[in-house]
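Numbering (this note's numbering), first residue to last: 20 to 1032.
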């Protein structure tokens, strides 16, 4: 029986057609309970299957949903496994250990992969699996009752909606709209989904009177009397499920059809059943949304035959129905189950929950293995038995962690925290010791595990992994107050803040305290509350002088990294060396890789370039494994950026290309895009702008890329646009990069790089005063040590801007101070790498140019130095500058030499697509009447700059006076024209030059040498 819903079926059919054409789509069906969502879903899925689509259905569960992460997705994958068999296994081949977290039938789960990396990989592999299965056929993934979905399911769904862009997949999900109260977690998720162009959201309305009439006719087999139709429509208000219940009650002659109570109406069918069947129904209701036959047999205590007869009666009365998978039963409608549960007495509910828990403990095979821990925790919690519930909740949290379901892990541990004080101490210790063994809690101090702070540690990690950083920070404060404050407050919620400088040194357990301070260090940085120094410095004080431990190694590794970023130098090197040694002694292998990467970087920075590179290469030479893949592969990104900073761009590209490919193969999209951003940076310096564009497109197009890496990609987009002369685009990407890589405590590697871009853009606009302000903000107070690879390009850009602005009236005041600031910043910057030495030489030469000195010999040295490097844009710039001074100062053979330099530079700029550089070369050649293209040895000289700009002779005169700082009235007096005519000329000049104002027009004129003789 199916009535109405033609508009909704049409919308679903259109979405299916789009999916058939290779455009993934998603439809969310919302409506109140009983309005007909499930019936509409069934009708549509039947039609889709008849049309050749593969249909997979999974439903969310109400009871214990947080303990059963990914349940609807697992159910849908299990359905695909049954339907596709070997084809699904072939699509999964090689990734069984990861995808077993969603489909346990695949075997044992992989162990050892860091949680955050494993979760990203799991989501990516799920997306890839669905893409493969939907490549040659249309696949419909149906998810019911999304309002009960656990957070991990919602997050996986969100990932899939964004990730699947090229497959024949349709996702259809239902949810109860009337359950979505203001704080329901599905509400913001739906708003997020709806913003995607591939998502459609449908709200199912109630039936109107005519549709209720057709439904009644289908139930009765004949047209209903008008009086009945009016009564049923009035009572049901068009809710399809209530219409059916009322109609059946009336047909059965039950007075319940006239009841004023909705719950009584829903219980009419149940109360009409025999007593023994009612008992089975009540037991089934407390068991959850779906109950296995064997479990129900044991809990009811009935013989199989007796239970089958009772179930047959309940199914015949349309109270229960067989589930789609396994030998399980569920209520025909969730509303009916809710009514039955609501009719149970409080003591009856806890007694039934205890019975379920005891039975499941006695025979764990009664439910699926992946559901066992969560179901047991839910039953014991509902049984209100803390001594049993606490260990069960902690075991369920460990199981959720194994499936990378961090939100559910967090929720279960919060429940355990509620029961802590009501649980006997010995049971608490046993449960937490087991949690440490299972890997749920970090093994901070195994000899003294099992205490309250172990639970807080597990909770803090789970909260951080699920994005609840404020909660994680509060838990760290609570633990530190317990460890360093009054121990009597260990189980109280309200705690003041703990400040590093005022905190006692861990009292009796400094190792545990140090672990929490290190966790707090990461949280404070993630929340941009501080740069983390106070926290990690305090952790160092706590472990100082203690025997080697994993915590000690972790503290020093984080401290070494902090030094490398903020204060590289001897202290940083010593800290990194100590961290490497401690990691070796304590067996902290993955942490040791991080420490070794940091030490390699610092070794390079200290001047031992080859030694540092050898260390970095040794780490990257290892084979990636589940436990170290992300750390190891990020090492490829670090090695490539180190090579880039040394000017070894070709080798940097080779390393980055290999690392990016490995990261893709290991399902680490964030790491792959991080490496790709470094790869694009080196390609830009090699002049391979088109290749860099392709790489950045790939990096930004991956799924699951973090905000921080998106900011890094935007940085390189800005660099690429700048190189091409697309200044508006560069400004847009520069602004975009701010969102991902800066904040209250930004890192110099980002701020210095983007300050250089901002200075270059200001110089291109002729805004020399802005150039000086930006320079002062970047290096005015102090130049961050150890960041010379970013400092030298920045200083060169500022010096070049001063040289180009020479002759501008607006630039004269303050020039001396600006030049002095650049020179001051240059002092102490290392030059032991050829690239840095060349950049330093070119920077000083630009400063000499700004001061009006002869720089011919300096530029000759710069060209000779640049010719030894693999940096085509840098060499072309040096040749341009040498040609400029040769033309200006003349001398025997100067013009011929300048012509050869310009032709060499122009060929490179043209090949690279470096428009600004090519324009500047052409302008200089035009002013000097030097041909850039030789045709049979002769060529017409290039047009004068003013001809290129389209300026008339009069406009040239006006522009000369504008550049001298004259007003319209002064121009009019000097040229014997009216002020109005002068204003018209100025407006025309601004339009032709594309300048925003008089100052920019003057800067453009000087930069292009319009007034050079």
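Note that CB positions come from ideal geometry on N, CA and C, so glycine has one too.
Check your understanding: Cβ of residue 443 within 8 Å of Cβ of residue 406?
Key -> yes
Review point. Do you know offhand how far residue 340's Cα is from residue 394's?
Key: If I take the Cα positions, the gap works out to 21 Å.
Review point. Are there 16 or more other CB atoms within 10 angstroms of the CB of residue 693, so buried, or fewer, so exposed?
Key: By the Cβ-count criterion, residue 693 is buried, with 16 or more other Cβ atoms from all chains shown falling within 10 Å of its own Cβ.
Practice item. Helix, strand or coil for residue 958, going by three-state DSSP, please let me know. Key: Because residue 958 carries a pLDDT of 45, less than 50, the predicted location of this residue cannot be relied on, and no value is offered for it.
Practice item. Please list the segments of the beta strand (DSSP E) lying wholly inside the stretch 168 to 209, counting only runs of 3 or more residues, in order along the chain. Key: 188 to 195
Practice item. Can you give me the Cβ contacts of residue 641 inside the same chain, cut-off strictly under 7 Å, excluding the 5 residues immediately before and after it? Key: 651
Point to revise | Whether residue 869 touches residue 834 by CB criterion (8 Å) | key: yes
Point to revise | residue 622, enclosing beta strand (DSSP E) - first and last residue | key: Here residue 622 belongs to no beta strand (DSSP E); instead the alpha helix (DSSP H) covers 608 to 624.
Review point. Touching or not, the stretch 856 to 864 and the stretch 807 to 820, by the rule of three or more beta carbon pairs under 8 Å?
Key: yes
Check your understanding: From residue 409 to residue 398, what distance separates their C-alpha atoms?
Key -> 12 Å
Exercise for review: Give a yes or no on whether the C-beta atoms belonging to residue 592 and residue 625 are separated by under 8 Å.
Suggested key: yes
Check your understanding: Does DSSP classify residue 341 as helix, strand or coil?
Key -> strand
Review point. In chain order, which alpha helix (DSSP H) runs of at least 4 residues are fully inside the stretch 819 to 879?
Key: 834 to 845 and 853 to 869
Check your understanding: Quick one: is residue 631 buried, meaning 16 or more other Cβ sit within 10 Å of its Cβ, or exposed?
Key -> buried
Check your understanding: Alpha carbon to alpha carbon, how far is residue 112 from residue 423?
Key -> 21 Å
Review point. What is the DSSP secondary structure of residue 309, counted as helix, strand or coil?
Key: strand
**Study point:** Candidates 384, 244, 887 and 982, of which the one nearest residue 828 by Cα
**Key:** 982
Check your understanding: At a cut of 8 Å, does the stretch 195 to 213 reach the stretch 158 to 177 through at least three beta carbon pairs?
Key -> yes
Practice item. Figure out for me which residue from 93, 162, 148 and 215 has the closest Cα to the Cα of residue 44. Key: 215
**Study point:** 4-residue-minimum alpha helix (DSSP H) runs that sit fully inside the stretch 431 to 491, ordered along the chain
**Key:** 444 to 456 and 471 to 484
**Study point:** Contact set for residue 917: own chain, Cβ-Cβ below 6 Å, skip 5 residues either direction
**Key:** Same-chain partners within the cutoff: 902, 905 and 906.
Point to revise | Boundaries (first-last residue) of the alpha helix (DSSP H) holding residue 215 | key: Taken as a continuous stretch (DSSP letters only), residue 215 belongs to no alpha helix (DSSP H), as it is neither H nor E.
Practice item. Rank 464, 844 and 392 by C-alpha distance to the C-alpha of residue 7 and give the top, closest one. Key: Residue numbering for the chain in the displayed model covers 20 to 1032; residue 7 lies beyond these limits and cannot be assessed.
Exercise for review: To the nearest angstrom, report how far apart residue 288 and residue 338 are at their CA atoms.
Suggested key: Counting only the Cα atoms, residue 338 lies some 7 Å from residue 288.
Review point. In or out: residue 862 buried (at least 16 other Cβ within 10 Å) or exposed?
Key: Only buried fits residue 862, as 16 or more other CB atoms lie within 10 angstroms of its CB.
Check your understanding: Would you call the stretch 741 to 749 and the stretch 672 to 689 touching, i.e. three or more CB-CB distances under 8 Å?
Key -> No: the two stretches stay apart, fewer than three of their Cβ pairs being nearer than 8 Å.
Check your understanding: Apart from the five residues on each side of it in sequence, which residues of its chain come closer than 6 Å, Cβ to Cβ, to residue 254?
Key -> Apart from the 5 residues on each side of it in sequence, residue 254 sits with its Cβ closer than 6 Å to the Cβ of 265 in its chain, given in chain order.
Check your understanding: For the alpha helix (DSSP H) that residue 991 lies in, which residues bound it at each end?
Key -> 987 to 994
**Study point:** DSSP-derived helix/strand/coil call for residue 219
**Key:** strand
Point to revise | Any chain B beta carbon closer than 8 Å to residue 875 | key: Included in the structure is just one protein chain, with no chain B present.
Point to revise | Validate contact between the stretch 302 to 311 and the stretch 341 to 350 using beta carbons, cut 8 Å, 3 pairs | key: yes
Exercise for review: Taking all protein chains shown into account, decide if residue 222 is buried (16 or more other Cβ within 10 angstroms of its Cβ) or exposed.
Suggested key: exposed
Practice item. Given a cut-off of 8 Å, decide if residue 211 and residue 177 are closer than it, judged by their beta-carbon atoms. Key: yes
Review point. With DSSP run on the structure shown, which of helix, strand or coil describes residue 163?
Key: In the three-state DSSP reduction, residue 163 falls in the strand class (E or B).
Review point. Is residue 785 helix, strand or coil when you go by DSSP?
Key: coil
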